[in-house]
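These protein sequence lines are chains A and B, in that order.
Position 153 (the first sequence) corresponds to 153 in the numbering used here; numbering is contiguous.
Position 349 (the second sequence) corresponds to 349 in the numbering used here; numbering is contiguous.
Everything on this sheet refers to the single structure shown next.
Protein chains: 2
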Amino acid sequence: MNKRRDRVTIVDVAAEAGVSFGTVSRVINNDVHVKPQTRERVLETMRRLNFVANRQARSLAGGRTNTIGLLVPDLGTGYIGEIIRGIDTELGDAGYDLMLYTTHRAATKEAGYVSNLVQGMVDGLILVLPRNPSDYIGIMTQRKFPFVLVDHQGTGEDCPAIGSTNWQGAFNATNYLVKLGHKRIGFITGWLDLGAAVDRLEGFKAALRTNKIPLLPDLIYEGTFAQLDGYTGALRFLDMKKPPTAIFASNDVMAMAAMDAVREKGLRIPEDISIMGFDDIPQASLMRPSLTTVRQPLEQMGRIAAQVLFDILKNPDHKHNRIELPTEIILRESTATLRKLQEEEPDLIRFH
Amino acid sequence: MNKRRDRVTIVDVAAEAGVSFGTVSRVINNDVHVKPQTRERVLETMRRLNFVANRQARSLAGGRTNTIGLLVPDLGTGYIGEIIRGIDTELGDAGYDLMLYTTHRAATKEAGYVSNLVQGMVDGLILVLPRNPSDYIGIMTQRKFPFVLVDHQGTGEDCPAIGSTNWQGAFNATNYLVKLGHKRIGFITGWLDLGAAVDRLEGFKAALRTNKIPLLPDLIYEGTFAQLDGYTGALRFLDMKKPPTAIFASNDVMAMAAMDAVREKGLRIPEDISIMGFDDIPQASLMRPSLTTVRQPLEQMGRIAAQVLFDILKNPDHKHNRIELPTEIILRESTATLRKLQEEEPDLIRFH
DNA sequence: AGTATTCATGTAAACGCTTCCAAAAATTTG
DNA sequence: CAAATTTTTGGAAGCGTTTACATGAATACT
């Protein structure tokens with residue numbers, strides 16, 4: 001093993017610098033009790049010998065790994081990509097490494113990974129879009145293992161989490177559609193087991209209420225955030241006697257699929273029907289017409305998740321709760337003032 | 001440190017199972033020299049005690065980390081996401097963990113990461129779209145450090161790499177456009193420092209030659225794979241006296257931007273102008289019109305990269321060269337037979 | 001049955017570092 | 001200037017494994 005032989009250790013550095021390996025270790029760890037002059041000599045030697053501390057050994061001896069684990073469902077949409085960018089930035093600055101685990105939607109893998117990771121492979125865990133966190137939040141909390149949830153508000157658990165103002169975002173977006181003149185708005189929900197999905201639905205309902213628009217059960221299609229739901233839901237709406245003039249999907253992926261359905265029916269966006277999404281994933285701005293949507297600050301959510309995790313690492317007993325970041329409506333081409341249908345308005349009103 | 005105290009080690013397992021810790025280690029490592037009955041007893045004990053082997057210790061003692069490093073430029077487009085999916089699948093099956101490093105286009109970070117990682121943090125390295133690999137391929141080769149390059153053909157280096165048949169893909173795609181009747185085809189190149197970009201350009205040129213179509217320098221716009229190039233390049237083409245009837249961009253991102261430019265000029269896709277991309281990133285099928293493109297088997301490239309790396313790990317002296325995976329044309333909506341312009345054909349011919 | 005071979009198991013010595021404690025050197029104090 | 005105090009340094013004892021090597025048990029062979 002060449003790799004083995006020519007590796008330079010703190011002992012080599014110590015010998016070369018004429019100090020004990022203990023001192024070298026102190027230098028590595030920025031211990032104050034080293035004479036500046038000695039420190040400089042050691043540092044110089046390390047540089048000259050091209051020394052890199054062995055992470056495994058440090059972890060083993062020190063009990064820290066300087067690595068955090070990231071559990072994500074997938075990397076397909078760019079949605080996660082944005083979040084990772086944020087996490088990665090913070091981690092890099094803090095000198096942590098990132099261990100990536102993809103569950104590929106297999107919820108069962110989650111718990112398995114978690115129980116392994118918690119066993120000391122990483123110092124902390126960031127879980128993005130956890131599927132059924134209740135399975136393991138218990139053991140993590142009990143073991144006081146540092147973790148943060150991203151984009152999930154629990155079904156009751158009270159733990160560190162980063163999310164965004166889903167309710168407010170949906171409320172504002174709906175309000176905006178109403179301002180454009182839309183009174184019949186079809187809403188496609190997300191997976192209602194997730195708090196985020198429920199909040200978006202509630203925001204939608206509240207906005208209708210505020211605007212004194214009756215809530216028609218037929219105009220709510222229950223989806224799961226999956227592409228197909230957007231398509232199916234939109235078709236359901238379009239086949240109604242009086243189809244909605246706008247469709248608000250609980251995420252961009254479903255909104256994009258809804259656009260397909262609308263086009264297949266020979267309708268134009270936004271002239272005939274407006275489409276609103278949620279998330280603002282990168283491709284939302286790339287499609288034509290580009291998608292008006294509610295922006296979640298994904299990258300920032302990632303950054304803050306990392307920061308919160310660091311804080312937990314430092315102050316394990318500090319109480320950390322859910323943090324909500326503001327959402328924002330991004331106006332693009334897929335929504336427009338209700339025009340063509342205005343003559344039909346009386347009709348619509350009669351209907352209600 | 002609670003974390004510390006309640007950790008169960010092989011010694012605990014050994015005591016509980018009534019064997020020496022050496023035997024437990026053998027069981028963990030699937031050593032043949034363990035009586036089946038003993039093995040079962042140890043396994044049972046491990047299960048009961050919820051034992052998880054400490055990775056740091058294993059690495060330190062064994063000299064292997066069971067972790068591979070992945071260096072990627074970014075996670076934005078889904079392009080990398082696909083590749084990672086492939087890598088991740090293989091890694092998971094083989095029991096390796098994934099350490100992710102993002103360079104965010106900062107080429108300087110690459111070399112830094114590499115020199116650290118090579119120092120024993122990971123057993124091998126997969127570099128996706130390396131920016132300037134010559135900086136560190138040298139040291140890796142010299143140290144015999146296992147690595148694989150993905151989607152990059154060197155500017156001379158002879159090392160393990162996974163790519164696709166860029167030349168053939170571009171050749172076939174161009175041929176296809178010609179079959180549709182297009183004779184004036186605008187080509188937007190990638191970053192010509194990358195072999196892949198050069199190959200695509202050469203494939204394009206060769207197809208023109210085969211079809212006896214003159215190669216007009218004005219119909220080649222030199223880009224860098226970046227979005228803006230697609231836009232600018234397309235505008236350049238469209239402002240010509242005799243604009244091309246088809247545009248072939250060296251990647252999907254530029255093709256998508258070219259579509260924007262075409263639309264801004266009030267032209268329709270594909271009726272007025274056909275657009276062809278390269279890569280087949282996930283969003284290519286999601287845009288409207290959907291993008292006809294040359295598919296690189298990204299996920300498969302990831303898988304094979306991992307497999308090759310495993311092979312290098314097993315047979316360090318085995319010679320590993322570049323592997324090329326076949327590309328494939330994906331027909332979608334952005335290309336069509338040359339129709340409307342057919343009456344102008346004589347004109348075009350006169351021009352050449 | 002007695003010896004030669006396997007096979008199964010136990011044990012000590014790393015692996016490269018952190019951390020604690022004690023010793024040595026430098027500094028302050030009376 | 002010696003004693004007390006503080007700062008700096010050295011070295012031992014782990015951290016939880018793997019991996020030789022040694023030993024003991026079981027099996028095969030003559």
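Just so it is clear, CB atoms sit at the ideal spot from N, CA and C, and this is done for glycine as well.
Here the structure is a predicted model, which means the values were calculated and not measured.
Query                                                                                                                    : Result
Option in A:K314, A:T327, A:G233 with minimal Cα separation from L298 of chain A                                         : A:T327
Residue range of the alpha helix (DSSP H) that includes F21 of chain A                                                   : 21-28
Residue range of the unbroken beta strand (DSSP E) whose run includes G81 of chain B                                     : G81 of chain B -> not in any beta strand (DSSP E); alpha helix (DSSP H) instead, spanning 79-94.
I359 of chain B at chain A interface by Cβ criterion, 8 Å                                                                : Any answer about residue 359 of chain B is impossible in this case: the structure gives chain B only from 1 up to 352.
Pairwise C-alpha distance: Q56 of chain A and T45 of chain A                                                             : 22 Å
Test: A234 of chain A CB closer than 8 Å to a CB of chain B                                                              : no
Enclosing beta strand (DSSP E) for V42 of chain B [first to last residue]                                                : Where V42 of chain B is concerned, there is no enclosing beta strand (DSSP E), although the alpha helix (DSSP H) it sits in stretches over 36-49.
Alpha-carbon spacing of I220 of chain B relative to L267 of chain B, whole angstroms                                     : 20 Å
Counted within 10 angstroms of its Cβ, other Cβ atoms place V365 of chain B as buried (16 or more) or exposed            : Since the first residue shown for chain B is 1 and the last is 352, residue 365 of chain B is missing from the structure and cannot be characterised.
Short-range partners of chain B found in the stretch 275-291 of chain A, where Cβ spacing is below 8 Å                   : P282, Q283, L286, M287, R288
Interface positions of the stretch 130-156 of chain B facing chain A (Cβ-Cβ less than 8 Å), listed along the chain       : R143, K144, F145
Neighbour flag for P346 of chain A against chain B, beta carbons, 8 Å                                                    : With a pLDDT of 44 at P346 of chain A, under the threshold of 50, the modelled position of this residue cannot be trusted; read the value that follows with caution. No, P346 of chain A does not count as interfacial toward chain B.
Straight-line gap, R303 of chain A to G86 of chain A (C-alpha atoms, nearest Å)                                          : 4 Å
Which of helix, strand or coil DSSP assigns to F237 of chain B                                                           : helix
Reduced DSSP category for F225 of chain A - H, G, I as helix; E, B as strand; rest coil                                  : coil
Buried or exposed by the 16-neighbour rule on C-beta atoms within 10 Å, applied to L201 of chain B                       : buried
Opening and closing residue of the beta strand (DSSP E) in which S59 of chain A lies                                     : From DSSP, S59 of chain A is part of no beta strand (DSSP E) but of the alpha helix (DSSP H) over 55-62.
Own chain partners of T292 of chain B with C-beta closer than 6 Å, once the 5 adjacent residues on each side are dropped : M276, L331, R332, S334, T335
Pick from A:P289, A:G190, A:K183, A:G223 that is closest to R339 of chain A, judged by C-alpha positions                 : A:K183
Environment of E82 of chain A [buried if 16+ CB atoms lie within 10 Å]                                                   : buried
Residue-level contact to chain A via CB, N315 of chain B, 8 Å cutoff                                                     : no
N-terminal and C-terminal residue of the alpha helix (DSSP H) that G302 of chain A is part of                            : 298-314
Residues of the stretch 41-55 of chain B whose Cβ lies closer than 7 Å to any Cβ of chain A, in chain order              : V52, N54, R55
C-beta atoms of V122 of chain B and M99 of chain B nearer than 8 Å                                                       : yes
Under the three-state DSSP convention, the category E328 of chain B falls into                                           : strand
Contact set between Q119 of chain B and chain A, taken where Cβ atoms lie within less than 7 Å                           : V52
Own chain residues within Cβ distance below 6 Å of A249 of chain B, not counting five before or after                    : I188, G230, A255, A258, G277
Below-8 Å beta-carbon distance, A249 of chain B vs any chain A residue                                                   : no
Member of B:D31, B:I273, B:E324, B:V8 whose CA lies at the smallest distance from the CA of G169 of chain B              : B:E324
Start-to-end residues for the alpha helix (DSSP H) that takes in V11 of chain A                                          : 10-17
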